[in-house]
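Enquirer:
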Amino acid sequence: MKTVTSKDGTSIAFDQSGTGPALVLVHGATQYRASDQGMRQLADLLAPHFTVIQYDRRGRGQSTDTPPFAVEREVEDIEALVDAVGGSAFIYGMSSGAVLAMEAALALPGKIWKLAMYEPPFNDDEAARQRWKAYTGQLGELLAQGRRGDAMALFLGLVGVPAEQVEGMRQAPTWPMAEAIAPTLAYDHFELMGEEAAVPTGRAAGVTVPALVLVGGASYGFMHQSAEKLAKAISGARWHILEGQTHNAAAPVLAPVLEEFFLS
369 MKTVTSKDGT SIAFDQSGTG PALVLVHGAT QYRASDQGMR QLADLLAPHF
419 TVIQYDRRGR GQSTDTPPFA VEREVEDIEA LVDAVGGSAF IYGMSSGAVL
469 AMEAALALPG KIWKLAMYEP PFNDDEAARQ RWKAYTGQLG ELLAQGRRGD
519 AMALFLGLVG VPAEQVEGMR QAPTWPMAEA IAPTLAYDHF ELMGEEAAVP
569 TGRAAGVTVP ALVLVGGASY GFMHQSAEKL AKAISGARWH ILEGQTHNAA
619 APVLAPVLEE FFLS
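Residue numbers (the numbering used here): 369 to 632.
#1: Does the segment 473-492 touch the segment 422-434, meaning 3 or more C-beta pairs lie closer than 8 Å?
#2: Here's a check: name, in chain order, each residue in its chain whose Cβ is nearer than 8 Å to the Cβ of ARG538, leaving out the five neighbours to either side.
#3: How many angstroms separate the CA atom of SER587 from the CA atom of TYR400?
#4: Which class does LYS317 belong to by DSSP, given the choice of helix, strand or coil?
#5: Give the range of the alpha helix (DSSP H) segment to which SER587 is assigned.
#6: Counting pairs of Cβ atoms below 8 Å between the segment 601-613 and the segment 575-586, do you hit three or more?
#7: Can you give the Cα-Cα distance for LEU631 and GLY396, rounded to whole angstroms?
#8: Mind checking who GLN384 pairs with in its DSSP beta bridge?
#9: So, using beta-carbon positions, are PHE458 and SER594 closer together than 7 Å?
#10: Indicate the three-state DSSP secondary structure (helix, strand or coil) for SER379 in the structure shown.
#11: Going by beta-carbon coordinates alone, are LEU468 and ALA623 separated by less than 7 Å?
#12: I need the boundaries of the alpha helix (DSSP H) containing ARG606, first residue and last residue.
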């Protein structure tokens, strides 16, 4: 493990592997190096071609945190990582981490060469937008009351984990680690995703680096619609379907697509 110090003094922990042009991998909500959904395997598969940076976003794992939170602070974390490996890099993000990756591409066009996003979870459906407002309102109340476990359980229910499974997770010895990162849900869901989690086509239009938007062929229909809208909003971007994949794409399927995009 290595660390860099972000502009506001936050210590960002990361692993570096491989050789070649730098590539920063950005986790989605609740994920970090010691608890990820395939990012470690993805890093291993990409390491023969890239200097891969896998890191703990602020407030997670072995990274520290410095309030108050702002999206700009997370972008500064990425900038510190990029500067530590030569000053320029490719970037890939999954789920809400893809939204953060896009923000980095917007803010650091001279330091980010190319942007790849897997299923940023925007949804323009009106009913979905209302559900999102209800969720974020409840999440805010729980976090304000210090009910971190309930906040994490609320999130798990949002992403489809059955109630009985959530209850089992709450009895597991690893649950305190989940509670510890519950405040970072606000970072992803209040700040990155926005009040309605609608597709930010206007903001996406400001991306000037080459971009690829990916979606799993077995994912929900709204993911496909959102990916297409984002790709159309970004000049010159393209979108690609990974056949048979869900929101948690298999690293052996994803890695060759990223390799071809970044190195072409």
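Built from N, CA and C at the ideal position, the CB exists for glycine as well.
Expert: So, from the listed chains and residues:
#1: Short answer: they don't touch.
#2: Correct list, in chain order: GLY517 and ALA521.
#3: In this structure, the CA atom of SER587 is about 23 Å from the CA atom of TYR400.
#4: Outside the displayed span of the chain (369 to 632) sits residue 317, for which this structure offers no information.
#5: Looking at the DSSP string, SER587 is not in any alpha helix (DSSP H), and its letter there is neither H nor E.
#6: Yes, since at least three Cβ pairs between the segment 601-613 and the segment 575-586 fall closer than 8 Å, the two stretches touch.
#7: Rounded to the nearest whole angstrom, the CA to CA distance from LEU631 to GLY396 is 24 Å.
#8: The partner list for GLN384 (beta bridge, DSSP) reads ILE421.
#9: Going by C-beta atoms, PHE458 is not nearer than 7 Å to SER594.
#10: Strand, per DSSP.
#11: Contact flag unset, no.
#12: From DSSP, ARG606 is part of no alpha helix (DSSP H) but of the beta strand (DSSP E) over 606-610.
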